[in-house]
Amino acid sequence: MGLFSGNQMPVDGKTVLITGASEGMGRSAARLLAAQGANVIVVARNEARLVETVAEIKAAAKSSSQRFHYVPADVSVPNYAQAVIENALAWNGGKPIDIVWCVAGMSTPMLWVEETNDVAVGASRRNMDVNYWGAAEMAHTILREWLRPEAGPYKEPRHLIFTASVVALFPVAGYAPYTPTKWALRGLADTLTQEVLLYEKTNPVRVSMVFPGTILSPGFERETKTKPDVTIYLEKDDPQFTPDEVASKAIKSLQRGDHYVTVSTLGDVMRWSVLGGAPRNNWILDTLGAYLMSFLMFFILWWFHGEIKTWGKKHGHPSTYKRKL
Numbered sequence: 657m658g659l660f661s662g663n664q665m666p667v668d669g670k671t672v673l674i675t676g677a678s679e680g681m682g683r684s685a686a687r688l689l690a691a692q693g694a695n696v697i698v699v700a701r702n703e704a705r706l707v708e709t710v711a712e713i714k715a716a717a718k719s720s721s722q723r724f725h726y727v728p729a730d731v732s733v734p735n736y737a738q739a740v741i742e743n744a745l746a747w748n749g750g751k752p753i754d755i756v757w758c759v760a761g762m763s764t765p766m767l768w769v770e771e772t773n774d775v776a777v778g779a780s781r782r783n784m785d786v787n788y789w790g791a792a793e794m795a796h797t798i799l800r801e802w803l804r805p806e807a808g809p810y811k812e813p814r815h816l817i818f819t820a821s822v823v824a825l826f827p828v829a830g831y832a833p834y835t836p837t838k839w840a841l842r843g844l845a846d847t848l849t850q851e852v853l854l855y856e857k858t859n860p861v862r863v864s865m866v867f868p869g870t871i872l873s874p875g876f877e878r879e880t881k882t883k884p885d886v887t888i889y890l891e892k893d894d895p896q897f898t899p900d901e902v903a904s905k906a907i908k909s910l911q912r913g914d915h916y917v918t919v920s921t922l923g924d925v926m927r928w929s930v931l932g933g934a935p936r937n938n939w940i941l942d943t944l945g946a947y948l949m950s951f952l953m954f955f956i957l958w959w960f961h962g963e964i965k966t967w968g969k970k971h972g973h974p975s976t977y978k979r980k981l
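Per my numbering, the very first residue in the sequence shown carries number 657; after that it's consecutive.
Structure, rendered in structure tokens:
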């Protein structure tokens, strides 16, 4: 998407909101974007760590005129996002938030079938609440803010970024509570990528998704406590990165204009594997079909996205469409 073009995510002077920003990749991204001139709003549950984060990113700021703010919030609590966005807009003097990056997440590895129903299903629900619903609610709230008719017209796109995992491209035994949450998030991101095309004429929005692998963060230390030995064995050759390395690679890819952002060669290979890790019905036919579709999909998406854009131009802003719910 960003081939032969300039910076597709300029942040100097822009306002960026990041969830899960009190530690790990989110905290590193906040600091690196501040170093590029962004005004940054950090969101997480732990207020004490948020205070530390603001001090850290302020010290890394490009200039003394930049502004920083924190909002304590639990992304797993229903309807949390509306209060966060209202707080952020008030702090920003009513000016729009330019970029929202949903990083908050958790993982509870286990051999799912070996656990009791309460443990296995309970962990799955908790992972879904944080990883999927936490990002989905924020996405819905900020898109409602960006895409309302009164918010446009504007030329430079707003930017919504989801954070998934390479297991959303290729599953690994031991991540049953976690993997479905990231697959669901991937489906939401891809669907919204099409839906925002209806608003492109007046309210342009970019949607991207980051697929990190192993990050040597506090979250990794927590998940290791319950990670099955077989999962550790299967991941033994996976590349491991610090939060700073992952955040830096992701930001460079986003600024290049990438939609699916991977941060390692292994991640690229997983992204290229069109059928993912699902068993094939027929190895020969499915392999040939995947090869053919990797070529044809360019033309299919060009046509399909064109149909959506044409509809949007013909029928106007979606707020004028007849409601059916």
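Ideal Cβ positions, reconstructed from N, Cα and C, are used throughout, including at glycine.
- Rounded to whole angstroms, the gap between the alpha carbons of aspartate 924 and valine 775 is 34 Å.
- Annotation: methionine 762 to lysine 969 spans about 40 Å, alpha carbon to alpha carbon.
- Shown here for alanine 845: same chain residues with a beta carbon closer than 7 Å to its own, the five before and five after excluded, namely Phe818, Val863, Met865 in chain order.
- In the DSSP assignment, isoleucine 674 forms a beta bridge with Val698, Trp757.
- Taking the Cα positions, arginine 781 is about 8 Å away from proline 833.
- Per DSSP, reduced to three states, the secondary structure at phenylalanine 954 is helical.
- Bridge pairing for methionine 794: absent [DSSP].
- Residue pairing by DSSP puts leucine 816 in a beta bridge opposite Val756, Val863.
- Just so you know, the alpha carbons of methionine 953 and proline 765 end up roughly 34 Å apart.
- Beta-bridge partners assigned by DSSP to tyrosine 916: Met865.
- Of the residues assessed, glutamine 722 falls on the buried side of the cut-off, its CB having 16 or more other CB atoms within 10 angstroms.
- Contact between the segment 674-683 and the segment 869-888 is present, with at least three C-beta pairs closer than 8 Å.
- When Leu673, Trp839, Gly778, Lys751 are compared, the shortest CA-CA separation from alanine 824 is found for Trp839.
- With 16 or more neighbouring CB atoms inside 10 Å of its own CB, serine 920 falls in the buried class.
- Here valine 886 is near alanine 829, since their CB atoms are less than 9 Å apart.
- Nearest to threonine 671 by alpha-carbon distance, out of Trp747, Ala700, Ala704, Glu708, is Trp747.
- Between histidine 973 and tyrosine 855, the CB-CB gap stays under 9 Å.
- Aspartate 893 counts as exposed, since fewer than 16 other beta carbons sit within 10 angstroms of its beta carbon.
- Per the C-alpha coordinates, the member of Asn702, Leu848, Pro895 positioned closest to valine 861 is Leu848.
- By the 16-neighbour rule on beta-carbons within 10 angstroms, serine 821 is buried.
- Ranked by Cα distance from glutamate 712, the first of Tyr831, Arg683, Leu816 is Arg683.
- Closest option to glutamate 708, judged by alpha-carbon separation, among Val727, Ser719, Arg927, Thr858: Val727.
- Around the beta carbon of phenylalanine 955, a 10 Å sphere encloses fewer than 16 other beta carbons of the protein chains shown; the residue is thus reported as exposed.
- Just measuring C-alpha positions, the residue of Lys751, Ile940, Pro734 sitting nearest tyrosine 788 is Pro734.
- Around the beta carbon of aspartate 914, 16 or more other beta carbons sit within 10 angstroms, so the residue counts as buried.
- One alpha carbon belongs to serine 975, the other to proline 805, and they sit about 7 Å apart.
- Under the three-state reduction of DSSP, methionine 665 is assigned to coil, being neither helix nor strand.
- When beta bridges are read from the DSSP output, threonine 870 appears opposite Gln896.
- If you ignore the 5 residues before and after arginine 701, its C-beta comes within less than 6 Å of the C-beta of Asp730, all in its own chain and listed in chain order.
- As computed with DSSP, phenylalanine 724 is found in a beta bridge with Val696.
- Separation of alanine 946 and alanine 737 (C-alpha to C-alpha, rounded to the nearest whole angstrom) is 39 Å.
- Judged by DSSP in its simplified three-state form, methionine 766 adopts strand.
- Around the beta carbon of threonine 918, a 10 Å sphere encloses 16 or more other beta carbons of the protein chains shown; the residue is thus reported as buried.
- The residues Gln911, in chain order, have a CB closer than 7 Å to that of asparagine 663 in the same chain once the five nearest residues on each side in sequence are set aside.
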